[in-house]
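Input: a single structure, listed below in structure tokens.
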Amino acid sequence: MGYKEDNYLNLSRSLIKKMERRNFEGYYCKTAAEALELALSLIPRGVSVTHGGSESIKEIGLLDAVKNGDFEYIDRSLAKTQQEKRAVVAQGVLAHTFLTGTNAITMDGELVNVDGISNRVALICFGPEQVIVIAGINKVVANVDAGIYRAQNTAAPVNAIRLSAKTPCYDTGSCAQCHAADCMCANIVTTRHSRIPGRIKVILVGENIGY
Ligand code: SF4
Numbered sequence: 353m354g355y356k357e358d359n360y361l362n363l364s365r366s367l368i369k370k371m372e373r374r375n376f377e378g379y380y381c382k383t384a385a386e387a388l389e390l391a392l393s394l395i396p397r398g399v400s401v402t403h404g405g406s407e408s409i410k411e412i413g414l415l416d417a418v419k420n421g422d423f424e425y426i427d428r429s430l431a432k433t434q435q436e437k438r439a440v441v442a443q444g445v446l447a448h449t450f451l452t453g454t455n456a457i458t459m460d461g462e463l464v465n466v467d468g469i470s471n472r473v474a475l476i477c478f479g480p481e482q483v484i485v486i487a488g489i490n491k492v493v494a495n496v497d498a499g500i501y502r503a504q505n506t507a508a509p510v511n512a513i514r515l516s517a518k519t520p521c522y523d524t525g526s527c528a529q530c531h532a533a534d535c536m537c538a539n540i541v542t543t544r545h546s547r548i549p550g551r552i553k554v555i556l557v558g559e560n561i562g563y
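Residue numbering for the sequence shown follows our numbering, beginning at 353 and increasing consecutively.
Below is the structure:
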């Protein structure tokens with residue numbers, strides 16, 4: 353292993369320890385392929401699985417593996433009307449497993465996420481029996497403020513382009529604390545503790561994943 357990889361391992365060990373007292377279960381995988389294998393091993397066959405909007409779970413191949421695997425996949429893409437979309441999210445509340453990325457993870461082990469529609473942060477906070485978070489090493493930041501800054505100035509502008517959102521960050525690549533109709537930052541959520549031990553499982557990956 354190189355110096356950089358050694359550092360990722362050491363950093364992850366320290367984060368996993370800090371997550372323990374938050375009742376999060378932390379894991380470290382050197383590569384995206386290892387993270388995929390681990391994530392799949394954490395999901396019992398046959399259970400219901402849903403997910404938030406996340407490039408990380410797509411990038412490591414987890415979304416495709418779940419869609420094509422032996423799971424009851426809750427397919428959000430089938431919902432067309434507003435009522436159907438609400439029904440799918442409601443179904444997600446009772447899902448066994450929720451897959452997501454995170455906008456940031458602090459040096460103290462907190463998760464920081466911004467959300468527009470807010471189904472993603474809602475299901476991180478409450479509902480599914482377990483939440484599996486895929487976090488590339490690029491998501492690690494100093495503290496909550498740095499996490500919010502990262503979410504709004506690194507992730508949001510790219511998401512705005514991906515979603516064709518009419519927001520200031522689309523135009524300028526940085527946050528203007530908008531109140532636009534398409535605002536992707538309706539809720540800013542710090543997850544600092546899980547009342548249910550082990551409900552939140554964070555898989556840190558020693559590669560840059562997502563944005
Ligand atoms: S400009 Fe609006 S949508 Fe974009 S990051 Fe800032 S608050 Fe969020």
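Glycine is no exception: its CB is placed at the ideal position from the N, C-alpha and C atoms. The structure presented is a predicted model; accordingly, all values stated were derived computationally and were not measured.
Asked                                                                                                    : Found
Residue range of the unbroken beta strand (DSSP E) whose run includes residue 400                        : 400-403
Buried or exposed by the 16-neighbour rule on C-beta atoms within 10 Å, applied to residue 553           : buried
First and last residue of the uninterrupted beta strand (DSSP E) at residue 453                          : That residue, residue 453, is in no beta strand (DSSP E); it is neither H nor E in DSSP.
The stretch 362-381 in contact with the stretch 449-456 per 3-pair CB rule at 8 Å                        : no
Cutoff 6 Å; reference residue 467; Cβ partners in own chain excluding five residues on either side       : 473 and 539
Cβ-based burial, residue 517 [other Cβ within 10 Å; buried from 16]                                      : buried
Beta-carbon proximity of residue 382 to residue 558, cut-off 7 Å                                         : yes
Nearest-angstrom Cβ-Cβ length linking residue 343 and residue 447, presumed shorter than 8 Å             : The structure shown does not extend to residue 343, since the chain is modelled only from 353 to 563, so the question has no answer here.
For residue 409, the nearest candidate out of 389, 396 and 481 (CA to CA)                                : 389
Ligand 1 heavy atom lying under 6 Å from the CB of residue 519                                           : yes
Opening and closing residue of the beta strand (DSSP E) in which residue 380 lies                        : 377-381
Expected contact under 8 Å - CB spacing of residue 527 and residue 504 to nearest Å                      : 4 Å
Boundaries of the beta strand (DSSP E) in which residue 467 is found, first to last residue              : 463-467
Neighbour-count burial assignment, residue 355, 16 or more Cβ in a 10 Å radius                           : exposed
Three-way DSSP call (helix, strand, coil) for residue 538 in this model                                  : coil
Three-state class that DSSP yields for residue 555 in the structure shown                                : strand
Residue 490 versus residue 560 - alpha carbon distance                                                   : 5 Å
Proximity of residue 401 and residue 418 at Cβ, strictly below 7 Å                                       : yes
Local conformation of residue 501 per DSSP, three classes                                                : helix
Close Cβ partners of residue 531 (< 7 Å) along its chain, the five nearest in sequence each way excluded : none
Option in 371, 445, 544 and 496 with minimal Cα separation from residue 482                              : 445
Segments assigned beta strand (DSSP E), at least 3 residues, entirely inside the stretch 386-426         : 400-403
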